[in-house]
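Here the sequence shown stands for residues 691 to 969, where the numbers follow our numbering. All C-beta atoms in this analysis are idealised placements derived from N, C-alpha and C, irrespective of residue type, glycine included. For reference, the structure is listed below as C-alpha cells.
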Amino acid sequence: MCPVCACARSPPAQLLPQRLCSTVRFSLLALGFNILLLVVICVVGSQSARLQAELRTLEEAFSNFSSSTLMEIYALGTHGGSVGDKITSLGAKLEKQKQDLKAGQRASWDHDSLLLHVKHFPMDLRFLTCQMELLHSNGSQRTCCPVNWVEHQASCYWFSHSGKAWAEAEKYCQLESAHLVVINSWEEQKFIAQHTNPFHTWIGLTDSDGSWKWVDGTDYSHNYKNWAVSQPDDWHGHELGESEDCAEIRPDGRWNDDFCLQVHRWACEKKRNITGEVA
C-alpha cells in the first residue's frame, strides 16, 4: 500500500477514540444533569413536604385558635349578658329608690304643708273674725291686723320686699302708724328671723346719738339682745365714710351694726289693741 493511502486512512483511526470520548462526556453530562435534576426534585420534594407539614401545622393551630376564640367570645357574651342583666336590675332598683325618695319627699312636703296650715289656721280664723267684726261695725272698730300684715302675739308686723336706707325705712313705718320692729324676747326674735331670712333687714335700733336706743323708747340696757360675735363694732373701714349707727338682723338671725345709708329690707311693727284700734 502506498504511503499516501496510509496517510489518508489514518485519521479515521484517530477519530474513534475522540468519538468515544465525546460519547462518554455526553453520557456523563447527561448522567450528571439527571443526577442534578434528581437532587433538585428531591430537594424540592423535601421542601414541599416540609411546607406541607408546616401548612398542616398552621391549619391545626388556626383551627385550635378559632375554636378557642369562639369559646372565649361565647363565654364573654354569656358573661356580658349576665353583667348586662345585673346592670339593668340595679338600674331598676335605683329608679325605684328615686321614685320612693320623691314620694317620701312629697309626703314630707305634704305633711309640712299640712302642719303649716294647721299652725296658721287659728290666725286665719281670727283674721276672718276681725274682718267680720269690722264690717259689722262699719269700720269703726278694728281688732285685727291690716291686710298684708302678719299677726304675732299682741303685735302686727309688715315685712318689705324692697330696700331702703334706715331712716327712710323708719319713715315708711311711721306713715303706717308703726315703727321699725323692736325685738323684746327670744320668741319674737325667732318669729322675725323666720320672716326675714335670707335677707339683711333693718330693725328699730340705732346709736346715732352715741348710745343704742330702740325707736319706741324701750329700755335697751335691760332688754333682750342678740348681737353677733364682736358686734356692734362701729366699723369705719367701708368707703362711705360713715360710722355704723343702725342695727340690722342678718340672715343667720344675729344682729349687726351697719352704716345707716346702706340699703336693706325692713320690718315694721305696731301693737294690736284687742278692744279697739291697732295702736
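Practice problem: Indicate whether Ala918 and Asp942 have their beta-carbon atoms separated by less than 9 Å. | Solution: yes
Quiz item: What span of residues does the alpha helix (DSSP H) with Phe849 cover, start to end?
Solution: No alpha helix (DSSP H) contains Phe849, which is instead part of the beta strand (DSSP E) from 845-849.
Practice problem: For Ile882, I'd like the list of residues in its chain whose CB is within less than 7 Å of its CB, leaving aside the five on either flank, ordered along the chain. | Solution: Val871, Ile873, Ile939, Ala957
Self-check item: Inter-residue CB distance, Asp924 and Ser911 (contact presumed, cutoff 8 Å)
Solution: Not really, about 18 Å apart at Cβ, beyond 8 Å.
Exercise. Could you work out which residue in Leu865, Pro888, Trp848, Asn946 is closest to Thr896 when comparing CA atoms only?
Key: Asn946
Quiz item: Looking at C-alpha atoms only, which residue of Thr778, Cys835, His842, Ala868 is the closest neighbour of Ser875?
Solution: His842
Self-check item: Residue burial classification, Asp987 (beta-carbon count within 10 angstroms, cutoff 16)
Solution: Examination of residue 987 is not possible in this model, given that the chain is present from 691 through 969 alone.
Quiz prompt | Beta-carbon proximity of His869 to Val905, cut-off 9 Å | solution = yes
Quiz item: Helix or strand or just coil, what does DSSP make of Glu866?
Solution: coil
Quiz prompt | Of the listed residues Ala743, Ser850, Arg962, nearest to Pro888 (C-alpha basis) | solution = Ser850
Practice problem: Find out if the Cβ-Cβ distance for the pair His954, Ala857 is shorter than 9 Å. | Solution: no
Quiz item: Does the distance from the C-beta atom of Arg962 to that of Cys835 stay below 9 Å?
Solution: yes
Quiz item: Excluding sequence positions up to five away, which residues of its chain have a Cβ less than 6 Å from the Cβ of Val694?
Solution: In this prediction, Val694 has a pLDDT of 42, which is less than 50 and means its spatial position is unreliable; nothing more can be read from the coordinates.
Practice problem: Leaving out five residues on either side along the sequence, give the residues of the same chain with a beta carbon under 7 Å from the beta carbon of Leu706. | Solution: Its pLDDT being 49, under 50, Leu706 is placed unreliably by the model, and the measurement read from it follows with that caveat. Excluding residues within five positions, none has a Cβ falling inside 7 Å.
Practice problem: Please determine, among Gln879, Asn838, Ala855, Val837, the residue with the shortest C-alpha to C-alpha distance to Cys950. | Solution: Ala855
Quiz item: I think Lys960 touches Ser867, with their Cβ atoms under 8 Å apart; what is that distance to the nearest whole Å?
Solution: 6 Å
Quiz item: If you compare alpha carbons, which of Cys936, Ser920, Trp892, Arg944 is closest to Tyr914?
Solution: Arg944
Quiz prompt | Of the residues Asn838, Gln952, Tyr847, Ala743, the one placed nearest His890, counting alpha carbons only | solution = Gln952
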